[in-house]
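Written below as structure tokens is the structure these notes are about.
Chains as they are written, first to last, in the working numbering: chain A, -17 to 94; chain B, 61 to 172.
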């Protein structure tokens, strides 16, 4: 009964490729997020969606395009992957915005 | 600004001792704070939270203290156990679409 699940867990790809990471939450939350964790474990928000509507776009390159087909899903598509995109990407969700966020297990993206 | 920081990047304690992890935040307008625990290969896991109208909150073996005057947050873990070994993050919520600003993280190691 995973609350926030994301796939794949590991993703290795070549520079220039396009890839997607999927996220689903079964908590009934209205708000979903994508965070990026770099090699120094620093966590930074990328996007926030509330009920399928984009709320936050934290100056992420437009090669990154989130898509929310419904409020239980928030996928992340990345075009023209670069070496610097290598990181762990976490999906999260929360009830109203000012409550704790529940995180998925992460997707470790390695661009070679 | 994004300056939620931790004073100590690593902390090593003996099993059974109490642990204290500190965090400084910069936005005095932040009204909600969370501590997360992240084990290797996993996503951040909620430990405890506190709102700005409180200065102390207790959970099971954990206590969070908030000092708004100096913008300081701490996490106290009583009778630290080997299973507590992880990276601990503080995060502040500025109220902008649920955006969490994370601190640098403190790696807690518990020696048996």
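All residues carry an ideal CB built from backbone N, CA and C; glycine is no exception.
As the structure is a computational prediction, the values presented were derived from the model and not from experiment.
So residue i contacts chain A; which residues on that side make the cut at Cβ distance below 7 Å?
| i | result |
| --- | --- |
| residue 93 of chain B | Neighbours of residue 93 of chain B on chain A: none; closest Cβ ~10 Å, over 7 Å. |
| residue 97 of chain B | Neighbours of residue 97 of chain B on chain A: none; closest Cβ ~11 Å, over 7 Å. |
| residue 153 of chain B | 80 |
| residue 119 of chain B | Those within 7 Å of residue 119 of chain B in chain A number zero; the least Cβ separation is about 12 Å. |
| residue 160 of chain B | 27, 83 |
I'd like to know whether the C-beta atoms of residue i and residue j end up nearer to each other than 7 Å.
| i | j | result |
| --- | --- | --- |
| residue 126 of chain B | residue 108 of chain B | no |
| residue 104 of chain A | residue 69 of chain A | Absent from the structure is residue 104 of chain A, since the part of chain A shown begins at -17 and ends at 94. |
| residue 53 of chain A | residue 22 of chain A | no |
| residue 158 of chain B | residue 150 of chain B | no |
| residue 11 of chain A | residue 75 of chain A | yes |
| residue 86 of chain A | residue -13 of chain A | yes |
| residue 81 of chain B | residue 135 of chain B | yes |
| residue 140 of chain B | residue 79 of chain B | yes |
| residue 36 of chain A | residue 5 of chain A | no |
| residue 146 of chain B | residue 98 of chain B | yes |
| residue 92 of chain B | residue 80 of chain A | yes |
| residue 71 of chain B | residue 160 of chain B | no |
| residue 92 of chain A | residue 71 of chain A | no |
| residue 94 of chain A | residue -4 of chain A | yes |
Span of the beta strand (DSSP E) holding residue i?
| i | result |
| --- | --- |
| residue 125 of chain B | 122 to 127 |
| residue 85 of chain B | It is not in any beta strand (DSSP E) - residue 85 of chain B carries neither H nor E in the DSSP assignment. |
| residue 151 of chain B | 146 to 153 |
| residue 77 of chain B | No beta strand (DSSP E) contains residue 77 of chain B, which DSSP labels as neither H nor E. |
| residue 156 of chain B | Unbroken run through residue 156 of chain B: none, as it is neither H nor E. |
| residue 94 of chain A | Counting along the chain, residue 94 of chain A falls outside any beta strand (DSSP E), and DSSP gives it neither H nor E. |
| residue 52 of chain A | 46 to 52 |
| residue 106 of chain B | 105 to 111 |
| residue 19 of chain A | 13 to 19 |
| residue 32 of chain A | 25 to 32 |
Would you say residue i faces chain B, with C-beta separation under 7 Å as the test?
| i | result |
| --- | --- |
| residue 39 of chain A | no |
| residue 86 of chain A | yes |
| residue 29 of chain A | no |
| residue 46 of chain A | no |
| residue 76 of chain A | yes |
| residue -15 of chain A | no |
At 8 Å on the CB atoms, spell out the chain B contacts of residue i, in chain order.
| i | result |
| --- | --- |
| residue 82 of chain A | 94, 106, 109 |
Can you pull the chain A residues whose beta carbon is under 8 Å from the beta carbon of residue i, in chain order?
| i | result |
| --- | --- |
| residue 147 of chain B | 23 |
| residue 116 of chain B | Those do not exist, as residue 116 of chain B stays about 18 Å from chain A at its closest Cβ, beyond 8 Å. |
| residue 157 of chain B | 13, 30, 32, 37, 38, 79 |
With DSSP as the reference, please indicate the residues paired to residue i in a beta bridge.
| i | result |
| --- | --- |
| residue -11 of chain A | A/4 |
| residue 132 of chain B | B/84, B/127 |
| residue 98 of chain B | B/147 |
| residue 137 of chain B | B/79, B/122 |
Hey, does residue i have any beta-carbon neighbour from chain A nearer than 7 Å?
| i | result |
| --- | --- |
| residue 165 of chain B | yes |
| residue 76 of chain B | no |
| residue 128 of chain B | no |
| residue 131 of chain B | no |
| residue 61 of chain B | Unreliable positioning characterises residue 61 of chain B in this predicted model, as indicated by a pLDDT of 39, which lies under 50. A coordinate reading is not provided. |
| residue 102 of chain B | yes |
Flag residue i as yes when its Cβ comes closer than 6 Å to any non-hydrogen atom of the ligand HEM, and as no otherwise.
| i | result |
| --- | --- |
| residue 163 of chain B | The model depicted lacks the ligand HEM and carries no ligand whatsoever. |
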